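*Asks:* Numbering (this note's numbering), first residue to last: 5 to 188.
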Amino acid sequence: MLEHALSKDRIHYSIAPAEQQNFEDAFFDLITVSSGIHWFSMADFLREANRLLKTGGHLVIYDNFFISEMEGAPDFATWFPEVYLARFPSPKRNATYDWSENHLNTFHFKRISDEEFKNEVQFTKTELVLYFTTQSNITAAIQNGNSYEEIEAWLDTELSRWFKNEYTVQTIYFGNWMQFLEKI
Numbered sequence: 005m006l007e008h009a010l011s012k013d014r015i016h017y018s019i020a021p022a023e024q025q026n027f028e029d030a031f032f033d034l035i036t037v038s039s040g041i042h043w044f045s046m047a048d049f050l051r052e053a054n055r056l057l058k059t060g061g062h063l064v065i066y067d068n069f070f071i072s073e074m075e076g077a078p079d080f081a082t083w084f085p086e087v088y089l090a091r092f093p094s095p096k097r098n099a100t101y102d103w104s105e106n107h108l109n110t111f112h113f114k115r116i117s118d119e120e121f122k123n124e125v126q127f128t129k130t131e132l133v134l135y136f137t138t139q140s141n142i143t144a145a146i147q148n149g150n151s152y153e154e155i156e157a158w159l160d161t162e163l164s165r166w167f168k169n170e171y172t173v174q175t176i177y178f179g180n181w182m183q184f185l186e187k188i
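1. Between which two residues does the beta strand (DSSP E) holding residue 68 run?
2. Which residues does DSSP list as the beta-bridge partners of residue 181?
3. Is it right to say residue 98 is buried, meaning 16 or more other beta carbons lie within 10 angstroms of its own, or is it exposed?
4. Taking the beta strand (DSSP E) that residue 34 falls in, what are its first and last residues?
5. In terms of DSSP beta bridges, what is residue 12 paired with?
6. Does the stretch 65-75 come close enough to the stretch 34-42 that 3 or more CB-CB pairs lie under 8 Å?
7. For residue 173, count the other beta carbons within 10 Å of its own beta carbon; 16 or more makes it buried, fewer makes it exposed. Which is it?
8. Taking 8 Å as the threshold, find out whether the stretch 80-90 comes into contact with the stretch 102-113 through three or more Cβ pairs.
9. How about residue 189 and residue 127: do their beta carbons lie closer than 8 Å?
10. Determine the closest residue to residue 21 out of 185, 148, 183, 48, with distance taken between C-alpha atoms.
11. Quick check on this structure: which residue in 60, 72, 93 has the alpha carbon closest to the alpha carbon of residue 148?
See the structure below:
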């Protein structure tokens, strides 16, 4: 990805684990994390974010996730966990976090606010198939020997019940949450 990033004199790109960045102490006013915290050690990351942020600096953590809600199709909410996730289970990841004030204070952070909301995205069947194939569930299935082409064909067949033809568009809802933290 960094090979395709814009090159600017005042932008420094770095590849490093979230828990071990190669920047100086108190270097940043703001750190943001999108859809990543379930892949790394939250305690180690909060310690590292504390090291990297200036006092009074902000850490914004947010996630956008599939909640299996399709407008006008309540059976889709059943299909997703009972059929899709049964066939392509989510890989092991950190799924729970302690966002309590007491816990955050141990890492020298306080919560400014938090927010939860939904957003809608319109998909054709082909677009939804392609979206699903970007999920870590499918990556894990391929790494375990499944063929991408077979998975794509299976998804195309399975999703046909909600799409009359290739031009049919369905509205899918995604969940979102945000944590706004300040270094103390």
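All C-beta atoms, glycine included, are put in the ideal place defined by N, C-alpha and C. Remember, it's a predicted structure, so these values are computed and weren't measured experimentally.
*Replies:* Let me spell this out:
1. 57-74
2. 67, 120
3. exposed
4. It spans 32-38 - the beta strand (DSSP E) in which residue 34 sits, taken as one unbroken run.
5. DSSP lists no partner for residue 12.
6. yes
7. Flag for residue 173 reads exposed.
8. no
9. Missing from the structure shown is residue 189; the chain here goes from 5 to 188 and no further.
10. 48
11. It is 93.
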